[in-house]
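Residue numbers (this note's numbering): 3 to 1080.
Data first, discussion second: the structure below is written as structure tokens.
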Amino acid sequence: MERIKSLRILRRSYRTVPPRWVVEPTDVSVERNRHIMLHCQAQGVPVPTILWKKATGSKSGDYEEVRERPYTKLLTNGSLLLQHVKEDREGFYLCQANNGIGTGIGKVIQLKVNSSPYFAGQSKMVTVKKGDTAIMQCEVKGDKPINVVWLRNGKHELNPSTNYRVSIKQDATPEGISAEVQISNVDSSDSGAYFCQASNLYGRDQQLVQLQVQEPPQPPSSLEAATVSSRVVNLKWQPRGGDAAEVSKYIVEYREIDRQWQYIEISDPPAYSTIIENLKPATNYVFRIIAEGPAGRSSPSQELFIKTDPQRPAGPPLNLGARPISSTEILITWMPPSYELRHGEIQGYNIGYRSMHATTNSYNFTSISGDGEDGTGELLLGNLAKYTRYTIVAQAFNQVGPGPLSEPVTAQTMEDVPSKPPEDIRCMAQSSTSIQVSWQPPQAHHTNGLLQGYKVFYECATEDAISSGEMETRKTTSLTIHLSNLRKFSNYSIQVLAYTRMGDGVISPPSFCHTDEDAPEAPADIKIAISSPSSLYVSWLPPRDPNGIITKYNLYMRAVNGREELNNDKRNLQAHQHHFEAKQLQSHTEYQFWVSASTRVGEGKSSRVVSQLTSNRVPAKIVSFGGLTIRPWKSSASLNCMAVGQPRREWFKGDTLLRPGTQHNIQLLDSGEIIVTMLQTSDTGNYTCQVDNGIGTDRLTHNLLVQVPPGPPVLYVTSATSSSILLHWKIGSTGNAPITAFSLHYRRVHGNLEEMQLSRHASSHDLKGLFCGSTYQVYLVAHNKIGSSSASTTLNVKTQGQPPGIPPDSVLIAPNSTSVVLRLNGWPDNGCPIMYFVLQYRSVSTGLDDEWHLVSNALKPQRRFTLSGLLPSTMYRLKMEAHNVAGSTNAEYTFWTLTKDGETSEDISPYATFQLSEASTLAQPHHSGPANTLLHSFMYHERAMTEGCASPPPAAVLRLHNQSPYYNINSSKGRRRHSRKTEPESEESDSDPDQLTSSRTESSNQLDAKMKHSKDLDVAAGGPGDHGYNPNHYMRSIPGLIYHGTQSSTSSDLSPMSEQKSLPRRGRSSSVTNSVTP
């Protein structure tokens, strides 16, 4: 049998053969997009099966089977055909042959794909405007290294070294090269075909980049104005050459001289003419045309200069503003109309105002001369109604006439704080923790504005609450408020004030309300001690928050044996009783005690439970309570030390043993208590009682706090104004008692001492209503319930402000033939209003009385004061004193009166004024009737030699002198003034503004272009003659000549609601002596 089996195995082994290679796979490479055959053939018995696998990564490792799919063919002989090979076919391949005999055979080979350069597309188009930078890019893929060159028209290589406008950049990418060429400042010659040519070891390829450079059209030609009017210009032009078809639109740019360009666009379709509207009269314009096409805009055409026809002002003053200065004053400010809307030189402004409550719609107008430049457009309206809204308008006028009214603006005089507190303040407790407060608003004439709401101030009036808490505040807009989360059964101080936008009004006097009672809190502490073998002594403290009046105490007692209750008992004790001795108790039995308090509302919370076992031994134990004891200064304090067990007692103050007779104000009583009399600060401290009877010891400490008057506060000044001093302070020692109030004492030097009570919460105060420029002595006193502190350091504080200044004579003095006008409103007050003037004068001419003549020793401040009764052509000496609360100032001036003809006795230098008594045709839109006689004046200023001008007055001025019945000369050096506050010359002209009508006044510098004198002046100056006369233009042609306006001879005084102003002008100087007395 064994032999038969071996023969069968031998026969089977001849029938099977394991696989072996016929064509063994090898590493191969292929060019991109070509076909490759991977050969793999094996033989064996039975015939082996061929299986192809590809590595999933870049290295041999994990493999996945290769299956038949497009461009992948598995041949019957085992070979693998790959068609159109791309980079994704590159990698490791495994050929396995297996016929089930043995483990089979396999081999890993590597397929490498070689790639020549290639591009994603064949061509590109790049469009760029002339003058810009052309950027052409190409992305090359293939095996590296790759060489890239740029060719113009496929022939000429672009080289930065030979063409500075060319720059080339190449960056490597994971798949090849990113190439870029830039050509700067391109023009039409750069248009054409550019090739990005790439090559490597396996081949070359190129990509076409077509560059197109677009150029803008040429500028239009033949620009001209067909018609011109005051606001409209009709323009026409012609396109240049053959650009008409390329132009998509025309841009017409225009501007005033030295202003920004404006433009309009003409398209759909582009025309060769346009009408420019909304131009400004009497204005120089520049026009030009720009053509625009796909490639951009042309350069501008030649500029065309046109001046529009003139008109009266077309625009109102700008930036008209009104803001309240006080409850009776509003400051009006404005800027001149836009330059392009003036249509000539602005001569002045009409300012109108009216109350919103007025029954008519008419405005009260006042006129102000000047062009309003350099911030001079300003008017202060005074004596207005308080908290009243006004409507204000403004109007500019020039030599032609007035312009339109501005849009009205409104302003309301300022509010003030209420001058009275709310009335009928009532409060009522709602519960033990809440109070309802109600009131009525102050009377309407005391509100001084719109009430924004009310503030309710409240605080608990108990001493412990005052020392620990701040006053609380609640805001409301209603006439009632509910105060909650209050302390139970506590007295509250309540104050109410009304407030407006300007601040808090007067606070009401305190009203007091008490919250309702409630059940008390638990007793503060409880003790138990053995007083005898059958007695226990229980003591307790009252509740810290009784929440009402204690009516009784409830003492609970029970005997227990472990957890078993043997018996219990309850006793009602009187409200003043704070201890109880339970007697006849069972020996060696545990007893438990607790206590609660009751008010009329009910029983409160219980104390903690204390327990004690009765015993035959009675150790010493203190049944009194220690803790904080507060007593006022110079009173007495009793400190208890009640104990059981008949112990021996010792008292210590701190660590010092107290013995009878050693302290003059401390008594040690046999009952165990000590009494400290005539308490002083030195008595504050810890007092300790120690007991001992041999069975037990105990200690108790009392902390005695003595309240004394507070220490002086530290007072200092934060700031001062002309009428107030802002004070701050820091509290010194409070004396162990809360501060209840402060007393502020102050007086002006040599004045009466005044006192002001301040809240305990205050830490600063603004002391108002003081005299300007005065020194005050101020000190502060603090108060608590014990007494008052000593005064703080007395401070000497001076309010701001000084004695009056001294104005120059050019501001103050305006002489005539027999009088002199004193502009008193130009006297600087230096922060303190002037109260009165003392005025004297005398003649200094030979042969005349040279005694001083007192005009007034109490001349009230006013805008102007006229000193009359003087002689013509006479020199006078003027002595003046200005007084305010800060002191006085003395000044003396010398001046000459004019001749009878209105001239000075000197030559025409440095200025001359002329009166032209001619009927004027000035525009007066709100007046009718016969023409008024108007006075026109011209002023010529001769500059000093150092200013580069020493020429005599122009001939026109001398000719006017010969023709004028009124001629005035005075010598001085001109000086420009700018300050509005201290230089009133900038607030008024030489003509008396008090002669203006209060309802409507017209500018005096609106000359009619046809008036007789204009022709004479035009001829004298060599002017334009028949072309019409512009007085402002003429005045500008003569350096130093200023034209001053006319005044109506029939007008009345100015309204007290306004002041008249004019532009700053040059003033006259003269000798001035002065002194200041504080």
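Beta carbons: idealized from backbone N, C-alpha and C, even for Gly.
The structure presented is a predicted model; accordingly, all values stated were derived computationally and were not measured.
Does the beta-carbon of threonine 415 have 16 or more other beta-carbons within 10 angstroms, so that it is buried, or is it exposed? Reading the sequence shown from its first residue, position 413 is the one you call residue 415. So threonine 415 ends up on the buried side.
Measuring alpha carbon to alpha carbon, tell me which residue in Ser486, Ala500 and Asp811 is nearest glutamine 432. If you number the sequence shown from 1, residue 432 lands on position 430. Here the closest residue by C-alpha is Ser486.
On the three-state DSSP scale, how would you describe valine 611? Mapped onto the sequence shown, residue 611 falls at position 609. In the structure shown, valine 611 sits in coil (DSSP, three-state: anything other than H, G, I, E or B).
Can you find a heavy atom of the ligand SAH that lies under 7 Å from the Cβ of glutamate 380? With respect to small molecules bound, the structure shown includes none, and the ligand SAH cannot be examined in it.
Could you have a look at tyrosine 494 and say whether DSSP puts it in helix, strand or coil? Taking the sequence shown and counting its residues from 1, one reaches residue 494 at position 492. Three-state DSSP puts tyrosine 494 in a strand.
Please return the same chain residues whose Cβ sits closer than 7 Å to the Cβ of serine 440, not counting the five positions on each side in sequence. Along the sequence shown, read from residue 1 onward, the residue named residue 440 stands at position 438. Contacts found: Arg428, Leu481 and Thr482.
Starting from serine 1083, follow the alpha helix (DSSP H) in both directions and report where the run begins and ends. No answer is possible for residue 1083: the residues shown for the chain start at 3 and end at 1080.
Cβ-based burial, glutamine 262 [other Cβ within 10 Å; buried from 16]: To locate residue 262, count along the sequence shown from 1; it is residue 260. In summary, glutamine 262 is exposed, with fewer than 16 beta-carbon neighbours lying within 10 Å of its beta-carbon over all protein chains present.
Looking only at its chain, what residues have a beta carbon closer than 8 Å to the beta carbon of proline 1058, apart from the 5 residues adjacent to it on each side? As a position in the sequence shown, residue 1058 is number 1056, starting the count at 1. The predicted position of proline 1058 is uncertain, since its pLDDT is 35 and thus under 50; no value can be drawn from it.
Applying the 10 Å Cβ sphere with the 16-neighbour rule, what's the burial state of serine 858? As a working note, residue 858 is residue 856 in the sequence shown. Classification of serine 858: exposed, given that the 10 Å Cβ count is below 16.
Assuming alanine 398 and proline 339 form a contact by the criterion Cβ under 8 Å, report the distance between their Cβ atoms to the nearest whole angstrom. Within the sequence shown, the letter at position 396 stands for residue 398. Within the sequence shown, the letter at position 337 stands for residue 339. The Cβ separation is near 5 Å, so the contact holds.
Quick check on the DSSP output: the beta strand (DSSP E) that includes threonine 362 runs from which residue to which? On the sequence shown, residue 362 is found 360 positions in, with the first residue counted as 1. Neither: threonine 362 is in no beta strand (DSSP E) and is coded neither H nor E.
If we ignore side chains and look at the alpha-carbon of each, how far apart do cysteine 834 and serine 794 end up? The residue labelled residue 834 in the question sits at position 832 within the sequence shown. The residue labelled residue 794 in the question sits at position 792 within the sequence shown. For cysteine 834 and serine 794, the distance between alpha carbons rounds to 30 Å.
In the DSSP output, what is threonine 658 paired with across the bridge? Translated into positions along the sequence shown, residue 658 becomes position 656. The partner list for threonine 658 (beta bridge, DSSP) reads Lys655.
Would you say glutamate 182 and glutamine 139 are within 8 Å of each other, going by their C-beta atoms? Position 180 of the sequence shown, counted from the start, is the residue given in the question as residue 182. Position 137 of the sequence shown, counted from the start, is the residue given in the question as residue 139. Taking 8 Å as the cut-off, the Cβ atoms of glutamate 182 and glutamine 139 count as close.
Extent of the continuous beta strand (DSSP E) run through glutamate 757: Counting from one through the sequence shown, the residue named residue 757 turns up at place 755. Element bounds for glutamate 757: 756–761.
Going by beta carbon distance, what residues of the same chain come within less than 8 Å of glutamine 709, once the five residues before and after it are set aside? Taking the first residue of the sequence shown as 1, we reach residue 709 at position 707. Excluding sequence neighbours, glutamine 709 sits near Ile632, Arg633, Pro634, Trp635, Gly737, Asn738, Ala739, Asn786, Lys787 and Ile788.
Sequence-distant residues of its chain with Cβ nearer than 6 Å to proline 48 (five each side left out): Your numbering for residue 48 matches position 46 in the sequence shown. Result list for proline 48: Asn101, in chain order.
Tyrosine 460 in three-state terms, based on DSSP: On the sequence shown, position 458 is the one that residue 460 refers to. Strand.
Check glycine 687 in the structure and name its three-state DSSP category. Start at 1 with the first residue of the sequence shown, and residue 687 comes out as number 685. Secondary structure of glycine 687 (DSSP, three-state): strand.
Does the pairing of the region 589–600 with the region 517–528 give three or more beta-carbon distances under 8 Å? As far as the Cβ criterion goes, the region 589–600 touches the region 517–528, which means the pair count is three or higher.
Residue nearest to isoleucine 370 in terms of C-alpha spacing, selected from Leu343, Arg391, Ile334 and Tyr341: Here residue 370 refers to the residue found at position 368 when the sequence shown is read from its first residue. Of the candidates Leu343, Arg391, Ile334 and Tyr341, Ile334 places its Cα closest to the Cα of isoleucine 370.
Simplified DSSP assignment, three categories, for aspartate 90: Position 88 of the sequence shown, counted from the start, is the residue given in the question as residue 90. Three-state DSSP puts aspartate 90 in a helix.
Status (buried if at least 16 other CB within 10 Å, exposed otherwise) for isoleucine 259: On the sequence shown, residue 259 is found 257 positions in, with the first residue counted as 1. Per the 10 Å Cβ criterion, exposed.
Less than 8 Å separating the beta-carbons of lysine 251 and glutamate 294? Here the question's residue 251 lines up with position 249 in the sequence shown. Here the question's residue 294 lines up with position 292 in the sequence shown. Contact: yes.
Could you pull the DSSP bridge partners for glycine 350 from this structure? Position 348 of the sequence shown, counted from the first residue, corresponds to residue 350. BP columns for glycine 350 point to Ser371 and Phe399.
Please confirm whether threonine 475 and tyrosine 456 have their CB atoms less than 8 Å apart. In the sequence shown, counting from the first residue as 1, residue 475 sits at position 473. In the sequence shown, counting from the first residue as 1, residue 456 sits at position 454. Between threonine 475 and tyrosine 456, the CB-CB gap reaches or exceeds 8 Å.
Considering only residues of the region 693–760, which uninterrupted beta strand (DSSP E) runs meet the minimum length of 3 residues and lie entirely inside it, listed in chain order? Qualifying beta strand (DSSP E) stretches, in chain order: 699–709, 716–722, 727–732 and 741–750.
Count the other CB atoms, across all protein chains shown, that sit within 10 Å of the CB of threonine 362; report buried if there are 16 or more and exposed otherwise. In the sequence shown, the residue the question calls residue 362 occupies position 360. So threonine 362 ends up on the exposed side.
Counting beta carbon pairs with one atom in the region 647–661 and one in the region 686–694, are three or more of them shorter than 8 Å? Because the criterion of three Cβ pairs below 8 Å is met, the region 686–694 and the region 647–661 touch.
For glutamate 949, collect the residues of the same chain with a Cβ closer than 7 Å to its Cβ; drop the 5 residues on either side in sequence, then sort them by chain order. Translated into positions along the sequence shown, residue 949 becomes position 947. Confidence at glutamate 949 is low in this model, with a pLDDT of 36, below 50, so its placement is unreliable and the value that follows should be read with caution. The answer is none, since no qualifying residue turns up.
Bridge partners of cysteine 97, per DSSP? As a first step, residue 97 is located in the sequence shown; it is residue number 95 there, counting from the start. Answer is Trp54 and Lys109, bridged to cysteine 97.
Note down, one range per segment and in chain order, each beta strand (DSSP E) of at least 3 residues found wholly within the region 835–885. The region 835–885 contains these whole beta strand (DSSP E) runs: 838–845, 855–861 and 867–870.
Could you pull out every residue in the same chain whose Cβ sits closer than 8 Å to the Cβ of asparagine 321, ignoring the five residues on either side in sequence? Indexing the sequence shown from 1 puts residue 321 at position 319. Closer than 8 Å at Cβ, skipping near neighbours: Thr335, Trp336 and Met337.
Histidine 448 - containing beta strand (DSSP E), residue span: Here residue 448 corresponds to residue number 446 of the sequence shown, with the count starting at 1. Not the beta strand (DSSP E): histidine 448 falls in the alpha helix (DSSP H), residues 446–449.
Closest to asparagine 754 by C-alpha separation, out of Tyr778, Trp731, Ala743 and Asp768, would be which residue? Here residue 754 is taken as the residue at index 752 of the sequence shown, counted from 1. With respect to the C-alpha of asparagine 754, the residue from Tyr778, Trp731, Ala743 and Asp768 having the closest C-alpha is Tyr778.
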